[in-house]
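Undergrad: Quick one: the structure is below, and I'll ask about it shortly.
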Amino acid sequence: MDWSDEEIDAFLSQIGERIKSARRNRNLTQDQLWDISGVPQGSISRLERGQYDDIMLKTLIRLAKGLEVSLEELIFGSTEDEASSEILAAVAL
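According to the working numbering, the stretch in the sequence shown is residues 3 to 95, in order.
Okay, structure coming up:
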């Protein structure tokens, strides 16, 4: 599957939205998530706003652990929706 730059940006933006949503669902501030995960508040803020060049897997693992969600959920969201299923299938290839 060839991804355009726009598709990649949209996918990464969705990860930021999921980070923000999971953080709010746990009633955490960005500073509290920093304390829990070790990911600096500024990095969390940039991720949530979609302002980043690349996301390191190590950062996502730390955030998932701090937010008490699976890495898969943080990256792909609900695996029950069609778009996530297509992405999972493409990544598995």
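Virtual Cβ for every residue (Gly too), placed ideally from N, Cα, C.
For a minimum of 3 consecutive residues, which ranges assigned as the beta strand (DSSP E) are wholly contained in the stretch 7 to 91?
TA: Runs of the beta strand (DSSP E) inside the stretch 7 to 91: none found.
Undergrad: Using only the alpha-carbon positions, how far apart do Ile97 and Glu8 sit?
TA: Given that the chain is displayed from residue 3 to residue 95, the structure contains no residue 97 and the question cannot be resolved.
Undergrad: Quick one: Cα of Glu75 to Cα of Ile21, how far?
TA: Approximately 10 Å, taken between the alpha carbons.
Undergrad: Can the beta-carbon of Ser45 be found closer than 7 Å to that of Leu65?
TA: Not in contact: Ser45 and Leu65 (Cβ atoms no closer than 7 Å).
Undergrad: Rounding to the nearest angstrom, what Cα-Cα distance links Arg25 and Trp5 in this structure?
TA: Taking the straight line joining both Cα atoms gives about 28 Å.
Undergrad: Looking only at its own chain, which residues have a Cβ that is under 8 Å from the Cβ of Leu73, when we skip the five neighbours before and after it?
TA: Leu62, Ile63, Ala66.
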